[in-house]
Amino acid sequence: MANFIDNVRYALDGIQSFFRTERNGRRQGLIAIIIIMLGFAFKIDPKEWLWVLGCIALVISLEMVNSAIEKVCNLITTDYSPAIKTIKDIAAGAVLFSAIIAVAIGSIIFLPYVLRLF
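Per numbering that gives the first Met the number 0, the sequence shown runs over residues 0 to 117.
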């Protein structure tokens, strides 16, 4: 049981470090809070909440992995390396791809609520 508790502490330390030290982490955290507030304001249904929270979790999780990959790459070399560039670009591309899909899903969910305001 102690191992499990230690592992949870390490994971929470990682999450805290991510939001404290990564600009994109803070940015995405703020966007997530705004989207969640909009979900409450528009009273989205439970299925919509699943999609919204899933998208938030996916984008932030991939950004965390991207940040970790960048840090590892920077430990390997500070010199320019085409291979390291490719690794970093692919990791960043995963974040971008998930963010584009999240925006599309968010638009499908929130646009009808926004249009009802007019």
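Note that beta-carbon positions come from the ideal geometry of N, C-alpha and C, so glycine has one too.
Assigned with DSSP and collapsed to three states, Phe109 falls in helix. About 16 Å separates the beta carbon of Phe117 from that of Leu37, a gap too long to meet the 8 Å contact definition. The segment 59-70 and the segment 81-92 touch, with three or more beta-carbon pairs separated by less than 8 Å.
The three-state reading of DSSP puts Glu21 in coil, since its state is none of H, G, I, E or B. In the three-state DSSP reduction, Asp12 falls in the helix class (H, G or I). Around the beta carbon of Gln27, 16 or more other beta carbons lie within 10 angstroms, which makes this residue buried.
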